[in-house]
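Beneath this line is the structure, given in structure tokens, with notes to follow.
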Amino acid sequence: MDPFSITVGTLGITGFALSSIDHLRDLISSLADAKEVAQDIASNLEAIQRPLTALEQLTISDYAVYAEAKSDLENTRVAEAVNRCGQAQHKDALKRQEELQEEPEDEDDNGAQQTLAIKEVKEQSHLLESD
Numbered sequence: 091m092d093p094f095s096i097t098v099g100t101l102g103i104t105g106f107a108l109s110s111i112d113h114l115r116d117l118i119s120s121l122a123d124a125k126e127v128a129q130d131i132a133s134n135l136e137a138i139q140r141p142l143t144a145l146e147q148l149t150i151s152d153y154a155v156y157a158e159a160k161s162d163l164e165n166t167r168v169a170e171a172v173n174r175c176g177q178a179q180h181k182d183a184l185k186r187q188e189e190l191q192e193e194p195e196d197e198d199d200n201g202a203q204q205t206l207a208i209k210e211v212k213e214q215s216h217l218l219e220s221d
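What follows is the structure in structure tokens.
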């Protein structure tokens with residue numbers, strides 16, 4: 091083989107290896123991001139759940155006070171804001187789930203990290219649907 095052919099072959103293999111490394115780095119980063127997104131969603135859900143649980147457990151025996159409090163909540167659109175927040179998080183979770191399913195599996199772990207990330211996103215999505 092002449093030196094030119096060896097050099098071209100080496101450059102081709104090197105280019106392919108560098109491209110593969112970049113692709114794997116991007117995949118690992120996206121999987122790490124998925125776990126972070128799922129944790130953010132869980133944290134946001136917990137932050138929303140606490141005040142809502144307190145409101146749910148609030149009992150007002152005086153009907154007039156109850157009606158006024160309910161009216162105030164409706165007028166300030168608290169319920170609508172909470173619902174929109176939940177819907178937006180649910181939409182983001184579904185989008186992330188689709189993105190994860192479209193990504194190729196990591197050959198090193200037979201897709202275990204991807205499967206785990208999809209499972210976490212599905213669990214968060216299920217929590218959003220049940221609320």
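Basically my numbering = 1-based index in the sequence shown + 90. C-beta atoms are modelled at their ideal positions from N, C-alpha and C, and glycine is treated no differently.
Which value, in whole angstroms, describes the spacing of the CA atoms of residue i and residue j?
i           : j           : result
residue 123 : residue 130 : 10 Å
residue 115 : residue 105 : 15 Å
residue 176 : residue 103 : 48 Å
residue 241 : residue 138 : Residue 241 is absent from the model: the chain starts at 91 and stops at 221.
residue 183 : residue 152 : 41 Å
residue 143 : residue 191 : 34 Å
residue 163 : residue 136 : 21 Å
residue 160 : residue 140 : 19 Å
residue 145 : residue 110 : 53 Å
residue 148 : residue 154 : 15 Å
I believe residue i touches residue j by the beta-carbon criterion, under 8 Å. Please report the beta-carbon distance rounded to the nearest angstrom.
i           : j           : result
residue 189 : residue 128 : About 13 Å separates the two Cβ atoms, so there is no contact after all.
Can you list, in chain order, the residues of its chain whose CB lies under 6 Å from that of residue i, leaving out five sequence neighbours each side?
i           : result
residue 174 : none
residue 113 : none
residue 185 : none
Could you pull out every residue in the same chain whose Cβ sits closer than 8 Å to the Cβ of residue i, ignoring the five residues on either side in sequence?
i           : result
residue 156 : 150
Residues in its own chain within less than 7 Å of residue i by CB, not counting five upstream and five downstream?
i           : result
residue 125 : 207, 210
Closer than 8 Å is the cut-off here; do at least three beta carbon pairs connect the stretch 116-128 with the stretch 152-170?
no
Please list the segments of the beta strand (DSSP E) lying wholly inside the stretch 141-187, counting only runs of 3 or more residues, in order along the chain.
none
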